[in-house]
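Residue numbers (full-length UniProt numbering): 1 to 292. Ideal placement from N, C-alpha and C gives every residue a C-beta, glycine not left out. Some notes on the structure that comes next.
This is how it looks when you write it as structure tokens:
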């Protein structure tokens, strides 16, 4: 049978099989010999040992489309970054840092602003416009009033998604709306390994429906920029690209040079000032890093 690893802990792997449920499996010794470790998100083939007790062995790991290291997970199709639209005010510099990290890993991102009920329609439009040129879809939801959930489900359909964002933005509430059985499923694995709440420290996928899965990752309040040169930063601001050919100087940093196509676009309202200000702040941060 073929399924997806929802969680791995202490040598046990909890594999979700469509229509059958979750099987507690051990991995064959051949994986150790090959120096290959099953990861959360892996598609695997298992051999059932006991159907009544839902136990088995992982026989084969199918080829991975990608592999992330923090957290260690395989076959992620998309990152869903969730911020509050208000209360607390979204830290858009922090959001930009996340987008840069994901783009460096060639990971598609969908931006979700929760607590949409705290903004007027005009305010929501203004917030969406900041990111309309960045290559990431922007969604609005209200976990409190269960609004925007159909649009969110459509964005996740058929994908294995890693949900990230600061603490306190309603991430867990949205996941529980997407899959009301999430807590039960987490509990089922917890009962199998008899470790209860300690299991929340480990990476775990939650089956939503069909081929849709979501992984809740720990909340973050700060993100360091990856190790990169300041000249590389502009390639992660996709809205700059179409205006760079109009720059007078090759290798223009879009900071202090004259006749800059990006700054001209900024002045004309075609690049959002908040995105540009974040770019300048991050550029200065990279510039001031000490070189060893």
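query	result
Contact between the segment 42 to 57 and the segment 15 to 24 is defined here as three or more beta-carbon pairs at a separation below 8 Å; is this criterion met?	yes
Can you give the beta carbon distance from residue 57 to residue 28, rounded, assuming they're within the 8 Å contact cut?	6 Å
Between the segment 50 to 69 and the segment 87 to 94, can you find at least three pairs of beta-carbon atoms closer than 8 Å?	no
Does DSSP classify residue 169 as helix, strand or coil?	coil
To which residues of the same chain is residue 104 closer than 7 Å at the C-beta, ignoring the five residues directly before and after it?	226
Check each candidate in 1, 2 and 24 and name the one with the smallest Cα separation from residue 10.	24
Write down every uninterrupted run of the beta strand (DSSP E) in the segment 197 to 270 whose length is 3 residues or greater and which is fully enclosed by it, in chain order.	205 to 209 and 212 to 216
Count the other CB atoms, across all protein chains shown, that sit within 10 Å of the CB of residue 75; report buried if there are 16 or more and exposed otherwise.	buried
Span of the alpha helix (DSSP H) holding residue 279?	273 to 288
Just verifying my parser: in three-state terms, what is the DSSP assignment at residue 79?	strand
Looking only at DSSP bridge pairs, what is residue 2 linked to?	45
Within the segment 16 to 69, note down every full beta strand (DSSP E) run reaching 3 residues or more, in order along the chain.	21 to 27, 43 to 50, 55 to 61 and 67 to 69
Do the segment 76 to 84 and the segment 97 to 112 meet, that is, are 3 or more Cβ pairs less than 8 Å apart?	yes
Do you know how far the Cα of residue 85 is from the Cα of residue 119?	7 Å
Can you give the Cα-Cα distance for residue 51 and residue 2, rounded to whole angstroms?	15 Å
Per the contact definition of three or more C-beta pairs closer than 8 Å, is the segment 263 to 280 in contact with the segment 229 to 249?	yes
At a Cβ threshold of 8 Å, is residue 176 touching chain C?	The chain labelled as chain C is not found in the depicted structure, where only one protein chain is given.
Taking buried to mean at least 16 other C-beta atoms within 10 Å of its own C-beta, is residue 268 buried or exposed?	exposed
Which stretch, first to last residue, makes up the alpha helix (DSSP H) that contains residue 128?	121 to 130
Measuring alpha carbon to alpha carbon, tell me which of 153, 157, 158 and 160 ends up nearest residue 174.	153
Cβ of residue 228 within 8 Å of Cβ of residue 73?	no
Locate the alpha helix (DSSP H) running through residue 114, then write down its first and last residues.	Here residue 114 belongs to no alpha helix (DSSP H); instead the beta strand (DSSP E) covers 109 to 114.
Just verifying my parser: in three-state terms, what is the DSSP assignment at residue 141?	coil
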